[in-house]
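J.:
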Amino acid sequence: MNATDDRETTIPLGRDAEFTGLIRCKRCNLSYSPSKSTSALRLTYCSFLCELGDLGFSMQGLEHMERVKKGGDRDVEPVPASSD
Numbered sequence: 758m759n760a761t762d763d764r765e766t767t768i769p770l771g772r773d774a775e776f777t778g779l780i781r782c783k784r785c786n787l788s789y790s791p792s793k794s795t796s797a798l799r800l801t802y803c804s805f806l807c808e809l810g811d812l813g814f815s816m817q818g819l820e821h822m823e824r825v826k827k828g829g830d831r832d833v834e835p836v837p838a839s840s841d
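First residue of the sequence shown: 758, per this note's numbering; consecutive thereafter.
(1) Quick one: residues in its chain with C-beta nearer than 7 Å to the C-beta of Cys782, no 5 flanking neighbours on either side, listed in chain order?
(2) Decide if Ser792 is buried, meaning its Cβ has at least 16 other Cβ atoms within 10 Å, or exposed.
(3) Helix, strand or coil: which one does DSSP assign to Ser792?
(4) Select from Glu823, Arg824 and Ile780 the residue whose C-alpha is nearest the C-alpha of Leu800.
(5) Sorted by chain position, which residues of the same chain lie with C-beta nearer than 7 Å to Gln817's C-beta, five sequence neighbours on each side aside?
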């Protein structure tokens, strides 16, 4: 299975030459230019919101998470890293 198998590249070649570089978003199925995507996964999602909606988290948010040790019996979830 190729890494791009889950994306559709159904924009026809020929008639609209400027649209040949467009691909379809995995979540909303709209055509978009990967160079203008706000998603960290530019070749899969058209925007940050589609990435967040499909995955339930963003790659940028995941990169900035820090592990927090558990204190006693209570569960503590990871919190975003501080910018200090």
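Quick reminder that beta carbons are idealized off the backbone N, C-alpha and C, glycines included.
All values reported here derive from a predicted model rather than from experimental measurement.
T.: Concretely, from the data shown:
(1) In the sequence shown, residue 782 corresponds to position 25, counting from 1. Only residues of its own chain outside the window of five on either side were considered, and among them Tyr789, Tyr802, Cys803 and Cys807 have a CB closer than 7 Å to the CB of Cys782, listed in chain order.
(2) One-based indexing of the sequence shown puts residue 792 at position 35. If you draw a 10 Å sphere on the C-beta of Ser792, you find fewer than 16 other C-beta atoms in it, and that means exposed.
(3) Translated into positions along the sequence shown, residue 792 becomes position 35. In this structure, Ser792 counts as helix in the three-state DSSP scheme.
(4) By one-based count along the sequence shown, residue 800 stands at place 43. When each option's Cα is compared against that of Leu800, the closest is Ile780.
(5) The residue you call residue 817 lines up with position 60 of the sequence shown. Hits under 7 Å: Ala797.
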